[in-house]
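Peer 1: Below you will find the structure I want to go over with you.
Chains as they are written, first to last, in the UniProt record's numbering: chain S, 1 to 150; chain L, 1 to 150.
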């Protein structure tokens, strides 16, 4: 199956497809940028398949409603995978060096996640980017990524 | 599209489908456990769709061969998404609290990734798990995850 067929299945299944667009900006300390994406059922299912994480907290409403979460939640690492996209949108060829995230609150299927980034350190072509992932202005994950730009 | 249809597409497209199995062990400091998965073309394509990260370093051989990587590489966060699965295999309901990873070497499409974990700290029902992701015994990513088990 080629990429365009997968893209079509993804869109038909309710996936919030995003064209990959580079930001036009000078990459330096103080630069703020964001990426927004809705995490839907199809994303949780595909993340489960590719990671192998079929933990019932993400897949079984019956199971999940008996836990403290009170219902199914999105995989934490699916939420923070959006950070990979946010930093890749910077000009140049972006290589991920390091990440550190804290998961603060559950993300529900159907939530629109905003990934807000700010470059806070620069050393030659290496940058530290602070990150907050928010749903309805509430932080659901936060941390930072270190990247290299070629 | 329901999960079984997606699973079928995933398998037909060369995906290394893994049944989700719980480890049978006492969760305590010193416990070592592993998860193995081959990362194939379909995984890179689906990770690109769900994260939105369509950085050409992962998708265009022509582009990637001109970079220092000399060819396409797997998204770093796709490799470490396997850690989500490894810790979820522990007995109980596993909730991810925190992660920290360093990306050490490129992972190529088709590489078999071994995620080797060891519980190194315990405080009530919270655990710190050290993680090394390896390809052919070479570390490609390393770090740790903090989890809560209900």
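Glycine is no exception: its CB is placed at the ideal position from the N, C-alpha and C atoms.
Here's a check: name, in chain order, each residue in its chain whose Cβ is nearer than 7 angstroms to the Cβ of residue 61/L, leaving out the five neighbours to either side.
Peer 2: The sequence position of residue 61/L within the second chain is 61, counting from 1. Same-chain partners within the cutoff: 71, 72.
Peer 1: Round the Cβ separation of residue 33/L and residue 117/L to the nearest angstrom and send it over; I've been treating them as touching at under 8 angstroms.
Peer 2: Here residue 33/L corresponds to residue number 33 of the second chain, with the count starting at 1. Here residue 117/L corresponds to residue number 117 of the second chain, with the count starting at 1. Contact holds; Cβ gap of about 5 angstroms.
Peer 1: Please identify the residue among 136/L, 106/L, 119/L whose C-alpha is closest to the C-alpha of residue 149/L.
Peer 2: As a first step, residue 149/L must be located in the second chain, where it is residue number 149. Checking every option, the nearest Cα to that of residue 149/L belongs to 119/L.
Peer 1: For residue 75/L and residue 81/L, I'd like the C-alpha separation in whole angstroms.
Peer 2: In the second chain, the residue the question calls residue 75/L occupies position 75. In the second chain, the residue the question calls residue 81/L occupies position 81. Near 10 angstroms, if we compare the C-alpha coordinates of residue 81/L and residue 75/L.
Peer 1: Chain S beta carbons: is any one of them nearer than 8 angstroms to that of residue 109/L?
Peer 2: Here residue 109/L is taken as the residue at index 109 of the second chain, counted from 1. By this cut-off, residue 109/L is not an interface position.
Peer 1: Can you tell me whether DSSP reads residue 20/S as helix, strand or coil?
Peer 2: What you label residue 20/S is simply residue 20 of the first chain in a count that begins at 1. DSSP places residue 20/S in coil when its eight states are reduced to three.
Peer 1: What residue range is occupied by the uninterrupted beta strand (DSSP E) comprising residue 114/L?
Peer 2: Along the second chain, read from residue 1 onward, the residue named residue 114/L stands at position 114. Segment 112-123, the beta strand (DSSP E) holding residue 114/L.
Peer 1: Along the segment 86-105 of chain S, what residues have a CB closer than 8 angstroms to any CB found in chain L?
Peer 2: Flagged, chain order: 88, 93, 94, 95, 96, 97, 98, 99, 100, 101, 102, 103.
Peer 1: Anything in the segment 124-139 of chain S with a Cβ closer than 7 angstroms to a Cβ of chain L? List those residues in chain order, please.
Peer 2: Within the segment 124-139 of chain S, no residue places its CB atom closer than 7 angstroms to a CB of chain L.
Peer 1: By alpha-carbon positions, which one of 106/L, 42/L, 145/L, 39/L ends up nearest to residue 139/L?
Peer 2: Here residue 139/L is taken as the residue at index 139 of the second chain, counted from 1. Answer by Cα proximity: 106/L.
Peer 1: Can you confirm whether residue 43/S, when its beta carbon is compared against all beta carbons of chain L, has any partner nearer than 8 angstroms?
Peer 2: Along the first chain, read from residue 1 onward, the residue named residue 43/S stands at position 43. It does: the Cβ of residue 43/S has a partner Cβ on chain L nearer than 8 angstroms.
Peer 1: Measuring alpha carbon to alpha carbon, tell me which of 86/S, 144/S, 112/S ends up nearest residue 22/S.
Peer 2: Sequence index remark: in the first chain, residue 22/S carries index 22 (1-based). The shortest C-alpha separation from residue 22/S is found at 86/S.
Peer 1: Given a threshold of 16 other Cβ atoms within 10 Å of its Cβ, counted over all protein chains shown, does residue 2/L qualify as buried or as exposed?
Peer 2: The residue labelled residue 2/L in the question sits at position 2 within the second chain. Burial call: exposed.
Peer 1: The beta strand (DSSP E) spanning residue 34/S covers which residue range?
Peer 2: Sequence index remark: in the first chain, residue 34/S carries index 34 (1-based). Unbroken beta strand (DSSP E) run through residue 34/S: 32-38.
Peer 1: Under the rule that 16 or more other beta-carbon atoms within 10 Å means buried, what is residue 64/L, buried or exposed?
Peer 2: Taking the second chain and counting its residues from 1, the one referred to as residue 64/L is at position 64. The residue is buried, with at least 16 neighbouring Cβ atoms inside 10 Å.
Peer 1: So who's on the other strand from residue 100/L, going by DSSP bridges?
Peer 2: In the second chain, residue 100/L corresponds to position 100, counting from 1. Note: residue 100/L sits in a beta bridge opposite 100/S, 144/L.
Peer 1: Could you name the residues of the same chain whose beta carbon sits closer than 6 angstroms to that of residue 54/S, not counting the 5 residues immediately before and after it, in chain order?
Peer 2: Within the first chain, residue 54/S is the residue found at index 54, counting from 1. Leaving aside the five residues that flank residue 54/S on each side, the residues in its chain whose CB is nearer than 6 angstroms to its CB run, in chain order, 48.
Peer 1: Among 59/L, 111/L, 58/L, which has the Cα closest to the Cα of residue 137/L?
Peer 2: Residue numbering aside, residue 137/L sits at position 137 when the second chain is read from its first letter. With distances taken between Cα atoms, residue 137/L lies closest to 111/L.
Peer 1: Return the chain-ordered list of same chain residues with a C-beta closer than 8 angstroms to the C-beta of residue 104/L, the five sequence neighbours on each side being excluded.
Peer 2: Translated into the one-based positions of the second chain, residue 104/L becomes position 104. Within the same chain, residue 104/L has close Cβ partners 139, 140, 141, 142.
Peer 1: Counting only the same chain and skipping the five closest in sequence on each side, list residues whose C-beta sits under 6 angstroms from that of residue 98/S.
Peer 2: By one-based count along the first chain, residue 98/S stands at place 98. Closer than 6 angstroms at the Cβ level, and outside the excluded window around residue 98/S, lie 146.
Peer 1: Going by the CB atoms, is the gap between residue 37/L and residue 113/L shorter than 8 angstroms?
Peer 2: If you number the second chain from 1, residue 113/L lands on position 113. If you number the second chain from 1, residue 37/L lands on position 37. Yes. Within cutoff.
Peer 1: Output needed for residue 160/L: all residues of its chain with C-beta closer than 6 angstroms, excluding positions within five of it in sequence on either side, in chain order.
Peer 2: Absent from the model: residue 160/L. The displayed extent of chain L is 1 to 150, so no value can be given.
Peer 1: Given a cut-off of 8 angstroms, decide if residue 83/S and residue 115/S are closer than it, judged by their beta-carbon atoms.
Peer 2: Along the first chain, read from residue 1 onward, the residue named residue 115/S stands at position 115. Along the first chain, read from residue 1 onward, the residue named residue 83/S stands at position 83. Residue 115/S is a Cβ neighbour of residue 83/S, given a cutoff of 8 angstroms.
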